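In the working numbering, the protein residues as written are 4 to 277. Yeah, the Cβ is synthetic: ideal placement off N, Cα and C, and Gly gets one too. In this text, all values refer to a predicted model and were calculated from it rather than measured experimentally. Below is one structure; the comments refer to it alone.
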Ligand code: ADP
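So this is what it looks like as structure tokens:
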């Protein structure tokens with residue numbers, strides 16, 4: 004099993020968020036989200052701060068109800084924070100009106116969801132093309148790049164099939180191609196292997212890893228599965244709306260932010276779920 008490194012006290016989530024000169028592509032600063040229903044308040048995210056460097060692969064893990072999805076919505080600009088800031092690629096989401104936030108989301112963030120969300124009446128290719136059109140890119144779709152992605156994701160022969168003719172793993176790989184085709188600043192993946200068997204899960208995780216290594220793609224993946232999380236460079240563990248640990252895995256580049264002396268692995272690797 005890969006050895007993990009627990010971060011020293013200088014863990015990033017306790018550090019002040021860096022300034023505009025920083026190379027961080029995601030900055031979450033003292034983020035909170037409180038859901039209100041009548042007189043009941045549910046604090047789902049409670050003062051979370053961390054940053055993600057360009058080109059990092061981060062996993063956020065935690066048990067059900069720990070606030071992962073809420074964090075995902077906040078980072079993706081899908082909901083507003085109650086307080087605190089989210090800065091994506093230098094732009095503060097909170098400073099934008101709804102239209103500008105939607106634009107930023109389309110241009111800079113690629114989403115991958117547990118349920119694939121492919122349009123059933125279109126072929127795989129049609130799904131990728133329509134996503135590209137909707138994203139409002141100025142350049143026409145780069146077919147050479149799509150070819151490259153198709154090779155990388157092993158979906159070349161599957162592009163003229165409809166989702167119902169594809170396996171779950173193939174559908175998720177099409178969804179990853181759809182997310183990558185706009186060359187987003189970050190990929191946000193929410194339980195991308197949640198609907199897949201082990202073999203397809205492994206393939207999808209390997210593809211996410213490959214897109215990170217080969218394209219330098221920044222990836223932030225939410226999961227409840229520690230084994231899936233172990234493929235990331237760094238694992239942030241969430242409990243009760245707070246980050247409780249920040250662990251560099253053996254994949255982290257030496258000298259990468261937060262790298263620290265090696266101590267016994269903090270992460271179980273055999274399919275354990277939180
Ligand atoms: P996770 O994704 O880790 O399961 P969530 O972010 O979905 O966690 O939920 C965190 C907490 O916020 C839970 O207590 C959940 O019940 C609550 N919650 C989530 N969404 C809502 C909502 N729309 N309204 C009220 N409470 C919510």
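- Near the ligand ADP, residues with a Cβ at less than 5 Å from any of the ligand's heavy atoms are 38, 45, 47, 67, 68, 69, 70, 71, 72 and 73; the list follows chain order.
- About 5 Å separates the CB atoms of residue 48 and residue 244; that is less than 8 Å, so the two are in contact.
- Residue environment analysis places residue 158 among the buried positions, since at least 16 neighbouring C-beta atoms fall within 10 angstroms of its C-beta.
- The residue from 62, 81 and 143 with its alpha-carbon nearest to that of residue 109 is 81.
- Spatial neighbours of residue 192 in its own chain (CB-CB distance under 6 Å, excluding positions within 5 residues in sequence) are listed in chain order as 115 and 224.
- With a contact defined as Cβ atoms closer than 8 Å, residue 222 and residue 70 miss out at about 20 Å.
- DSSP places residue 36 inside the beta strand (DSSP E), whose first and last residues are 27-40.
- Taking a 10 Å sphere around the C-beta of residue 195, we find 16 or more other C-beta atoms and assign the residue as buried.
- Per DSSP, residue 193 is one residue of the beta strand (DSSP E) stretching across 189-193.
- Judged by their CB atoms, residue 235 and residue 103 are not nearer to each other than the 8 Å cut-off.
- Nearest Cα to residue 55 within the set 229, 68, 105 and 32: 32.
- Residue 138: not part of any beta strand (DSSP E); DSSP gives it neither H nor E.
- In terms of CA proximity to residue 68, 45 leads the group 78, 45, 34 and 190.
- At least 8 Å separates the beta-carbon of residue 126 from that of residue 154.
- Runs of beta strand (DSSP E) with 3 or more residues, each lying fully within the segment 36-120, are found at 43-56, 60-64, 86-91 and 112-116, listed in chain order.
- The residue among 87, 26 and 198 with its C-alpha nearest the C-alpha of residue 37 is 87.
- Taking every protein chain shown into account, the CB of residue 167 has fewer than 16 other CB atoms within 10 angstroms, so this residue is exposed.
- Of the residues assessed, residue 217 falls on the exposed side of the cut-off, its CB having fewer than 16 other CB atoms within 10 angstroms.
- The three-state secondary structure of residue 198, taken from DSSP, is coil.
- Each of 27, 137, 120 and 111 was checked against the Cα of residue 175, and the nearest Cα belongs to 120.
- Nearest Cα to residue 205 within the set 251, 185 and 228: 228.
- In terms of Cα proximity to residue 28, the closest of 95, 201, 203 and 132 is 95.
- A direct Cα-Cα distance of roughly 32 Å separates residue 111 from residue 40.
- In the three-state DSSP reduction, residue 186 falls in the coil class, being neither helix nor strand.
- Of all alpha-carbon atoms in 144, 211 and 137, the one lying nearest the alpha-carbon of residue 172 is that of 211.
- Around the Cβ of residue 220, a 10 Å sphere holds 16 or more other Cβ atoms; the residue is buried.
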